[in-house]
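> Residue numbers (our numbering), protein chains in the order written: chain Z, 1 to 102; chain F, 103 to 220; chain S, 221 to 350.
Every residue gets a Cβ at the ideal spot worked out from N, C-alpha and C, and that includes glycine.
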């Protein structure tokens, strides 16, 4: 079973996402939430790193946190899946253990 | 028995943060669980030798790590790349550690039951 | 599925507590179990009885208490984290010769052993906040 990585900071705030992408392995999942959702945008600072990772890691973004920040689904990078809180719960079941990066 | 892995990524002197994290680690150890600590990124600075030994107002947390042996917490792991990126190697650290490569971290995390970022 | 939740942030400093609350609500609605919500580090501030944020903010303190009432969720604040931050429940306050009860309805104060206990009973631990 792959690890679920939770990232709640934007790439401009901390290195957390870059550090997480460096370590996430095949079959792991990443969930971007809170300020972390900014990294899901097509033109984010880490866009090219993310595109590389999407091939081996499943990247998800918490849809209510996108909506709260005025980010439409069309503005999200291809290959990132939008999920609800129910989807978050299901990811926590299908993956484990769970590591939060700050 | 469960495998607990504590991931330390913060540098020293973050208020009482490290002290409180160590309380968690020692409590888990007291429950006879399997405890490992992984130092990543700036967390490797926690183990750097010669930290501020004589300042009582800004107490170093290094004695807490040195005391882990008493709690049978003997598995301290460090990512080699985190050390190298900071100009350090294991000889700069206060305790003997086991070294992992960056590409081995995902598998190492996946083996734990509980992972706690400190 | 059984979840243990750990919260490390104060309710006013980030969105972390809100996310933890929404995750907890969703998992309970889906029929899963929350073994315990354990408040550590700055998370201890979630149980402050006298917090009085403006009404239009829909304060979490009220929603935490409702979650405890409706679903019997165990809201435990770590005793050492609480003492370090000046948060006392009545018996502890009395023991220390102080006269306050800072703890909101539905919360209790206990040791880190209950955090370990939650980790041992749960299938997953989720940590929210810095």
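Consult DSSP for residue 105 of chain F and reduce its assignment to one of helix, strand or coil.
Counted from its first residue, the second chain places residue 105 of chain F at position 3. The answer is strand: DSSP assigns residue 105 of chain F an E or B state.
> In whole angstroms, what is the alpha-carbon distance linking residue 129 of chain F and residue 231 of chain S?
Numbered from its first residue, the second chain carries residue 129 of chain F at position 27. Numbered from its first residue, the third chain carries residue 231 of chain S at position 11. Taking the straight line joining both Cα atoms gives about 26 Å.
> Counting only Cβ pairs nearer than 8 Å, list the residues of chain F close to residue 47 of chain Z.
What you label residue 47 of chain Z is simply residue 47 of the first chain in a count that begins at 1. The contacting residues do not exist; residue 47 of chain Z stays about 22 Å from chain F at best.
> What residue range is occupied by the uninterrupted beta strand (DSSP E) comprising residue 298 of chain S?
For this step, residue 298 of chain S is matched to residue 78 along the third chain. Counting along the chain, the beta strand (DSSP E) containing residue 298 of chain S begins and ends at 295-298.
> Which one of Z:98, Z:93, Z:2, Z:77 has the shortest CA to CA distance from residue 48 of chain Z?
The residue given as residue 48 of chain Z occupies position 48 in the first chain. Out of Z:98, Z:93, Z:2, Z:77, Z:77 has the C-alpha closest to the C-alpha of residue 48 of chain Z.
> Does DSSP put residue 238 of chain S in a helix, a strand or coil?
To locate residue 238 of chain S, count along the third chain from 1; it is residue 18. Helix.
> Whose C-beta lies closer than 8 Å to the C-beta of residue 206 of chain F among residues of the same chain, with five residues either side of it excluded?
Residue mapping note: residue 206 of chain F aligns to position 104 of the second chain, counting from 1. Here the set comprises nothing.
> Should residue 278 of chain S go down as buried or exposed, given a rule of 16 or more other Cβ atoms within 10 Å for buried?
Taking the first residue of the third chain as 1, we reach residue 278 of chain S at position 58. By the neighbour-count definition (other C-beta atoms within 10 Å, threshold 16), residue 278 of chain S is an exposed residue.
> Taking Cβ-Cβ distances below 9 Å as the criterion, which residues of the segment 296-315 of chain S are in contact with chain F?
298, 300, 301, 304
> Taking only three categories from DSSP, how would you classify residue 262 of chain S?
For this step, residue 262 of chain S is matched to residue 42 along the third chain. Three-state result, residue 262 of chain S: helix.
> For residue 174 of chain F, collect the residues of the same chain with a Cβ closer than 7 Å to its Cβ; drop the 5 residues on either side in sequence, then sort them by chain order.
Numbered from 1 along the second chain, position 72 holds the residue referred to as residue 174 of chain F. For residue 174 of chain F, where only same-chain residues beyond five positions count, the Cβ hits under 7 Å are 131.
> Roughly how many whole angstroms lie between the Cα atoms of residue 271 of chain S and residue 44 of chain Z?
What you label residue 271 of chain S is simply residue 51 of the third chain in a count that begins at 1. What you label residue 44 of chain Z is simply residue 44 of the first chain in a count that begins at 1. Their backbone Cα atoms lie some 37 Å apart in a straight line.
> Just checking, does the segment 47-66 of chain Z make contact with the segment 17-31 of chain Z on the three C-beta pairs under 8 Å criterion?
yes
> Here's the rule: buried if 16 or more other CB atoms are within 10 angstroms of the residue's CB, otherwise exposed. What is residue 97 of chain Z?
Position 97 of the first chain, counted from the first residue, corresponds to residue 97 of chain Z. Around the C-beta of residue 97 of chain Z, 16 or more other C-beta atoms lie within 10 Å, and the residue is accordingly described as buried.
> Take the Cβ of residue 2 of chain Z as the centre, count every other Cβ of all protein chains shown within 10 Å, and call the residue buried at 16 or more, exposed below.
By one-based count along the first chain, residue 2 of chain Z stands at place 2. Under this definition residue 2 of chain Z is a buried residue.
> I want to verify the contact list: residues of chain S whose CB lies under 9 Å from the CB of residue 94 of chain Z, in sequence order.
Numbered from 1 along the first chain, position 94 holds the residue referred to as residue 94 of chain Z. The premise fails here: residue 94 of chain Z is roughly 10 Å from chain S at the closest Cβ pair, so nothing lies under 9 Å.
> Using DSSP bridges, identify the partner residues of residue 219 of chain F.
Counting from one through the second chain, the residue named residue 219 of chain F turns up at place 117. DSSP output for residue 219 of chain F lists F:109 as bridge partner(s).
> Does the beta carbon of residue 91 of chain Z sit closer than 9 Å to a beta carbon anywhere in chain F?
Here residue 91 of chain Z is taken as the residue at index 91 of the first chain, counted from 1. No - not a single Cβ of chain F is within 9 Å of the one on residue 91 of chain Z.
> To the nearest angstrom, how far is the alpha carbon of residue 75 of chain Z from that of residue 346 of chain S?
Taking the first chain and counting its residues from 1, one reaches residue 75 of chain Z at position 75. Taking the third chain and counting its residues from 1, one reaches residue 346 of chain S at position 126. In a straight line, the C-alpha of residue 75 of chain Z is about 29 Å away from that of residue 346 of chain S.
> Taking the C-alpha atoms as reference points, what is the distance between residue 161 of chain F and residue 291 of chain S?
Residue 161 of chain F sits at position 59 when you count from the first residue of the second chain. Residue 291 of chain S sits at position 71 when you count from the first residue of the third chain. One C-alpha to the other measures close to 43 Å.
> Output needed for residue 222 of chain S: all residues of its chain with C-beta closer than 6 Å, excluding positions within five of it in sequence on either side, in chain order.
Working through the third chain from its first residue, we reach residue 222 of chain S at position 2. Hits under 6 Å: 253, 255, 342, 343.
> With 16 as the cutoff for other CB atoms within 10 Å, does residue 63 of chain Z come out buried or exposed?
The sequence position of residue 63 of chain Z within the first chain is 63, counting from 1. It is buried - the Cβ of residue 63 of chain Z has at least 16 other Cβ atoms within 10 Å.
> With three or more C-beta pairs closer than 8 Å as the rule, is the segment 273-287 of chain S touching the segment 233-250 of chain S?
yes
> Which term fits residue 65 of chain Z, buried or exposed, when burial requires 16 or more other beta carbons within 10 angstroms of its beta carbon?
Indexing the first chain from 1 puts residue 65 of chain Z at position 65. Residue 65 of chain Z should be labelled buried.
> Short check: CB of residue 352 of chain S to CB of residue 298 of chain S, under 9 Å?
In the structure as shown, chain S begins at 221 and stops at 350. Residue 352 of chain S is therefore absent and cannot be evaluated.
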